[in-house]
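Line by line, the protein sequences are chains X and V.
Numbering-wise, my numbering puts 433 at position 96 of the first sequence, and it's gapless, one number per residue.
Numbering-wise, my numbering puts 29 at position 28 of the second sequence, and it's gapless, one number per residue.
Ideal placement from N, C-alpha and C gives every residue a C-beta, glycine not left out.
Comments concern the structure below.
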Amino acid sequence: AQKITQTQPGMFVQEKEAVTLDCTYDTSDPSYGLFWYKQPSSGEMIFLIYQGSYDQQNATEGRYSLNFQKARKSANLVISASQLGDSAMYFCAMREGGIKAAGNKLTFGGGTRVLVKP
Amino acid sequence: DVKVTQSSRYLVKRTGEKVFLECVQDMDHENMFWYRQDPGLGLRLIYFSYDVKMKEKGDIPEGYSVSREKKERFSLILESASTNQTSMYLCASSMTGGNQPQHFGDGTRLSIL
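So, in structure tokens, the structure goes:
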């Protein structure tokens, strides 16, 4: 079974509107972390936001927020007030094991391509 | 800012060649990673290292090896390149600590002819 599933291969969003990118995960480990990355067409991977499995509140970073629903094993990224520069691939990733787990290795989803229309 | 530098942005090699991809980070990070990225498959972990001279297999290590002789440098080696290793290769580094993000290089687009 896929550990990280991003069901939306691509989507359009109107500039200044909000967009939600879906991410579901599968783990039996009680301690894990979820990351979102942005990859513009230039290719670099940019870290956006992190949510730990024991965090009580949903993570927020500027226009990015994470809708974390632990029971549903979902960690959807919400981008508010979309800008043209938000056009990119977005990847959800999971780290299993406690915060001291050696290596911090991540498992990535297949990604969602977002195109912001003016 | 963290800087992860990959030696080549684009590389073209021939089948059967031994190929070296180099990665250097300047933030004294303990952990380093090599991924390959293919359309629709996201990033898949090839190898990672959590200390000098330490290496661990990722999800797709077959056909690859790695070397980490110094903390700042992590090399990916294709022992005998094959056409199915044509891909984008991304290097990353991170501090130890589960909430620490990985920082990525710009990637090497490798074509095996």
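query: Min CB distance R409 (chain X) to chain V below 8 Å; result: no
query: Nearest residue (CA-CA) to S95 (chain V), options V:R15, V:W35, V:E18 and V:K19; result: V:W35
query: Proximity test, Cβ basis, 8 Å: R105 (chain V) and chain X; result: For the sequence presented, residue 105 (chain V) should be read as Phe rather than Arg. Closer than 8 Å: yes.
query: Burial state of L77 (chain V), where buried means 16 or more other Cβ atoms lie within 10 Å; result: buried
query: Which residues DSSP lists as bridging Y11 (chain V), in chain order; result: V:R110
query: Residue-chain proximity (P102 (chain V), chain X), Cβ-Cβ < 8 Å; result: yes
query: T364 (chain X) in three-state terms, based on DSSP; result: coil
query: Any beta strand (DSSP E) of 3 or more consecutive residues that is wholly inside the region 22 to 94 of chain V; result: 32 to 39, 43 to 50, 65 to 71 and 74 to 79
query: Residue-level contact to chain V via CB, N404 (chain X), 8 Å cutoff; result: no
query: Residues of its chain near S66 (chain V), where Cβ-Cβ distance is below 7 Å and the 5 sequence neighbours each way are ignored; result: I78 and E80
query: Distance between S379 (chain X) and N395 (chain X) (C-alpha atoms, nearest Å); result: 30 Å
query: Min CB distance S95 (chain V) to chain X below 8 Å; result: yes
query: Segment contact, 8 Å Cβ cut-off, at least three pairs: the region 5 to 13 of chain V with the region 344 to 355 of chain X; result: no
query: Classification of L403 (chain X) by the beta-carbon crowding that lies within 10 angstroms, buried from 16 upward; result: buried
query: Assigned exposure category for V13 (chain V) - 16 Cβ within 10 Å defines buried; result: exposed
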